[in-house]
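Contents: one structure, followed by commentary.
Residue numbers (mature numbering (1 follows the signal peptide of the UniProt record, and there is no 0)): -23 to -1, 1 to 417.
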């Protein structure tokens, strides 16, 4: 017979270990594969040290895939995720459906009043935040100062699309692998259609008239798509119909783009000498207008952290969400990676911080773009919707992606501009009629 002895101390240690393991709460966070989110994952040891009782599991996805999966999960009450990375498009729609938990009591040091009012407003339903911003952005023109000078041009204070076309032509040197302009071509309501909707707003166009009739058969969308296709086919990089934000970021950082019109959040990445080969040759300007116009079409977007109502781990999820969007996290990024790399566009205090303003030449323009983005009246025309680079109705996610596929096909040479616009008009009319528009 074998007799096993266990000391009291050993038994106590075993009980303590078992208790510690059982007390740890595991949460799953779904997020997008953008640079700021990747940085957050790298900084998780700091969170783990503060909260050893919470284990964070990551699901990191490309933008279109993330949107599809979290939308499917929350609509079906699947409960796969405890924290969602979603945009200001989804937040008010999902909150009204009761799909998101209101976020209150985020901690004494959270300083909710410091959130930029324009950003917080888009996340507030019935007086309560239903998501908190991790970073926010508008759009701007980023360009190579050396290539513009070589082309004999000077960037106007408010560039128009004619100037952009001229500059793109003069900055292109395909033999050297330099393309005058890089723009989104990848199909998706938040990919190519974010850019093209904004561009169309700047051209004086709209998605719908006041009777909810699609406007793709109008002159503004024709001018938008013709200009876009000319820029991209004549002066853009090959394979651009597959390029989204991350692909164009890589192209610009490696010196292959003369100009890039996209999210203001890109500014810190292209001007960081650790990441960008052209960091000392970058300039910034407002998003273009049409000749004689004043609507820049600059969008307002925020990537936000939200907690689905289906989670059974709300407290742990809220602890993580509060940490990742707090002033303390901003300070942590500044200490680890430099203050120029803190998540932009969320807090008023950042744009009053002289240390940030000194190292971020894009700061003032970013703030101006965010504060001037008119999401309540995105078009010069009267429209029945809000949203800027998207239309704030539930149906837009599917319709926007379907239209984006038509325009991406035109960019890839599989359809003409007229064919793509006719298809967009037909499919949007069909889907809006099916959805019961115009609604009383």
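For glycine and all other residues, C-beta sits at the position ideal for the given N, C-alpha and C.
**Item:** residue 225 - containing alpha helix (DSSP H), residue span
**Value:** By 1-based counting over the chain shown, the position of residue 225 is 248. Residue 225 -> alpha helix (DSSP H) spans 222 to 230.
**Buried versus exposed, by CB contacts within 10 Å (16 or more), residue 272** = Reading the chain shown from its first residue, position 295 is the one you call residue 272. The residue in question, residue 272, is buried, as its Cβ has 16 or more Cβ neighbours within 10 Å.
**Request:** Spell out the partners DSSP gives residue 116 in its beta bridges.
**Result:** Locating residue 116 in the chain shown gives position 139, counting from the first residue. Paired residue(s): 240.
**Minimum length 4: unbroken alpha helix (DSSP H) runs contained in the region 122 to 155** = 122 to 127, 138 to 148
**Prompt:** Nearest to residue 11 by alpha carbon, out of 30, 39, 35?
**Reply:** Start at 1 with the first residue of the chain shown, and residue 11 comes out as number 34. The candidate whose alpha carbon is nearest that of residue 11 is 39.
**Request:** Compute the Euclidean distance between the alpha carbons of residue 248 and residue 257, then round it to the nearest angstrom.
**Result:** Residue mapping note: residue 248 aligns to position 271 of the chain shown, counting from 1. Residue mapping note: residue 257 aligns to position 280 of the chain shown, counting from 1. Between residue 248 and residue 257, the C-alpha separation is close to 7 Å.
**Asked** Using a Cβ-Cβ cut-off of 8 Å (strictly less than) and excluding sequence neighbours within five positions of residue 246, which residues of its own chain qualify?
**Response** Position 269 of the chain shown, counting from 1, holds the residue named residue 246. Closer than 8 Å at the Cβ level, and outside the excluded window around residue 246, lie 12, 226, 230, 252, 253.
**Message:** Rounded to whole angstroms, what is the Cα-Cα separation between residue 276 and residue 322?
**Reply:** Mapped onto the chain shown, residue 276 falls at position 299. Mapped onto the chain shown, residue 322 falls at position 345. About 13 Å.
**Prompt:** Excluding sequence positions up to five away, which residues of its chain have a Cβ less than 7 Å from the Cβ of residue 306?
**Reply:** Position 329 of the chain shown, counting from 1, holds the residue named residue 306. 300, listed in sequence order.
**residue 279 - partner residues in DSSP beta bridges** = Here residue 279 corresponds to residue number 302 of the chain shown, with the count starting at 1. Answer is 113, bridged to residue 279.
**Request:** Could you tell me the boundaries of the alpha helix (DSSP H) in which residue 179 lies?
**Result:** Locating residue 179 in the chain shown gives position 202, counting from the first residue. Unbroken alpha helix (DSSP H) run through residue 179: 169 to 179.
**Cβ neighbour criterion (16 or more within 10 Å) applied to residue 298** = Indexing the chain shown from 1 puts residue 298 at position 321. Buried, since its Cβ has 16 or more Cβ neighbours within 10 Å.
**Item:** Interface flag, residue 407 vs chain D, CB-CB below 8 Å
**Value:** No chain D appears in the structure shown, which is made up of a single protein chain.
**Prompt:** Is the beta carbon of residue 54 sitting closer than 8 Å to the one on residue 81?
**Reply:** Counting from 1 along the chain shown, the entry for residue 54 is found at position 77. Counting from 1 along the chain shown, the entry for residue 81 is found at position 104. Contact flag unset, no.
**Item:** Straight-line gap, residue 394 to residue 211 (C-alpha atoms, nearest Å)
**Value:** Sequence index remark: in the chain shown, residue 394 carries index 417 (1-based). Sequence index remark: in the chain shown, residue 211 carries index 234 (1-based). Each residue's Cα considered, the two are about 15 Å apart.
**Per DSSP, the bridge partner or partners of residue 424** = Since the first residue of the chain shown is -23 and the last is 417, residue 424 is not available in this structure.
**Item:** With 16 other Cβ atoms within 10 Å as the buried cut-off, status of residue 196
**Value:** Taking the first residue of the chain shown as 1, we reach residue 196 at position 219. With fewer than 16 other Cβ atoms from the protein chains shown falling within 10 Å of its own Cβ, residue 196 counts as exposed.
**Prompt:** Would you say the beta carbon of residue 52 comes nearer than 7 Å to a heavy atom of the ligand SAM?
**Reply:** What this structure holds is no ligand at all, so the ligand SAM is not there to describe.
**Asked** From this set, 79, 329, 124, 374, which residue's C-alpha is nearest residue 154's C-alpha?
**Response** One-based indexing of the chain shown puts residue 154 at position 177. Ranking the options by Cα distance to residue 154, first place goes to 124.
**Request:** State the start and end residues of the unbroken alpha helix (DSSP H) segment that holds residue 259.
**Result:** One-based indexing of the chain shown puts residue 259 at position 282. Premise fails: residue 259 lies in the beta strand (DSSP E), 259 to 263, not in any alpha helix (DSSP H).
**Request:** Would you tell me roughly how many angstroms separate the C-alpha atoms of residue 415 and residue 67, rounded to the nearest one?
**Result:** In the chain shown, counting from the first residue as 1, residue 415 sits at position 438. In the chain shown, counting from the first residue as 1, residue 67 sits at position 90. Cα to Cα, the separation comes out at about 21 Å.
**Item:** Cβ neighbours of residue -2 in the same chain (closer than 7 Å, five flanking residues each side left out)
**Value:** In the chain shown, residue -2 corresponds to position 22, counting from 1. Confidence at residue -2 is low in this model, with a pLDDT of 48, below 50, so its placement is unreliable and the value that follows should be read with caution. Closer than 7 Å at Cβ, skipping near neighbours: no residue.
**For residue 380, the first and last residue of its enclosing alpha helix (DSSP H)** = The count along the chain shown starts at 1 and reaches residue 380 at position 403. Unbroken alpha helix (DSSP H) run through residue 380: 373 to 388.
**Item:** residue 312 versus residue 358 - alpha carbon distance
**Value:** As a first step, residue 312 is located in the chain shown; it is residue number 335 there, counting from the start. As a first step, residue 358 is located in the chain shown; it is residue number 381 there, counting from the start. Cα to Cα, the separation comes out at about 46 Å.
**Item:** Which of helix, strand or coil DSSP assigns to residue 320
**Value:** If you number the chain shown from 1, residue 320 lands on position 343. It is coil, neither helix nor strand.
**Asked** At what residues does the alpha helix (DSSP H) containing residue 7 begin and finish?
**Response** As a first step, residue 7 must be located in the chain shown, where it is residue number 30. Per DSSP, residue 7 belongs to no alpha helix (DSSP H); it is in the beta strand (DSSP E), 2 to 9.
**Request:** Enumerate in chain order the residues of its own chain whose CB-to-CB distance from residue 397 is below 6 Å, with the five nearest sequence positions on each side excluded.
**Result:** For the purposes of this step, residue 397 is taken as the residue at position 420 of the chain shown. So the list reads 383, 384, 387, once near-sequence residues are dropped.
**Item:** Cα-Cα separation, residue 404 to residue 375
**Value:** For the purposes of this step, residue 404 is taken as residue 427 along the chain shown, with counting starting at 1. For the purposes of this step, residue 375 is taken as residue 398 along the chain shown, with counting starting at 1. So the two alpha carbons sit approximately 11 Å from each other.
**Message:** Does the contact criterion of 3 or more C-beta pairs under 8 Å hold for the region 92 to 112 versus the region 275 to 289?
**Reply:** yes
**Item:** Residue from 51, 172, 318 whose Cα sits closest to the Cα of residue 432
**Value:** The question about residue 432 has no answer here: the residues shown for the chain are numbered -23 through 417.
**Asked** Taking contact to mean at least 3 C-beta pairs separated by less than 8 Å, is the region 130 to 146 in contact with the region 341 to 353?
**Response** no
**Asked** Taking Cβ to Cβ, would you say residue 95 is nearer than 8 Å to residue 316?
**Response** Taking the first residue of the chain shown as position 1, residue 95 is located at position 118. Taking the first residue of the chain shown as position 1, residue 316 is located at position 339. Their beta carbons are not under 8 Å apart, which means residue 95 does not touch residue 316 by this criterion.
**Message:** If the criterion is Cβ atoms closer than 8 Å, does the pair residue 118 and residue 261 meet it?
**Reply:** Your numbering for residue 118 matches position 141 in the chain shown. Your numbering for residue 261 matches position 284 in the chain shown. With contacts defined as CB atoms closer than 8 Å, residue 118 and residue 261 qualify as a contacting pair.
**Message:** If you measure between the beta carbons of residue 205 and residue 170, is that distance less than 8 Å?
**Reply:** As a first step, residue 205 is located in the chain shown; it is residue number 228 there, counting from the start. As a first step, residue 170 is located in the chain shown; it is residue number 193 there, counting from the start. No, the Cβ-Cβ distance between residue 205 and residue 170 is not below 8 Å.
**Prompt:** From 412, 411, 406, pick the residue whose C-alpha is nearest to that of residue 194; which is it?
**Reply:** The count along the chain shown starts at 1 and reaches residue 194 at position 217. The residue with the shortest Cα to Cα distance from residue 194 is 406.
**Prompt:** So, is residue 349 buried or exposed, given that buried needs 16 or more other C-beta atoms within 10 angstroms?
**Reply:** Here residue 349 refers to the residue found at position 372 when the chain shown is read from its first residue. Exposed.
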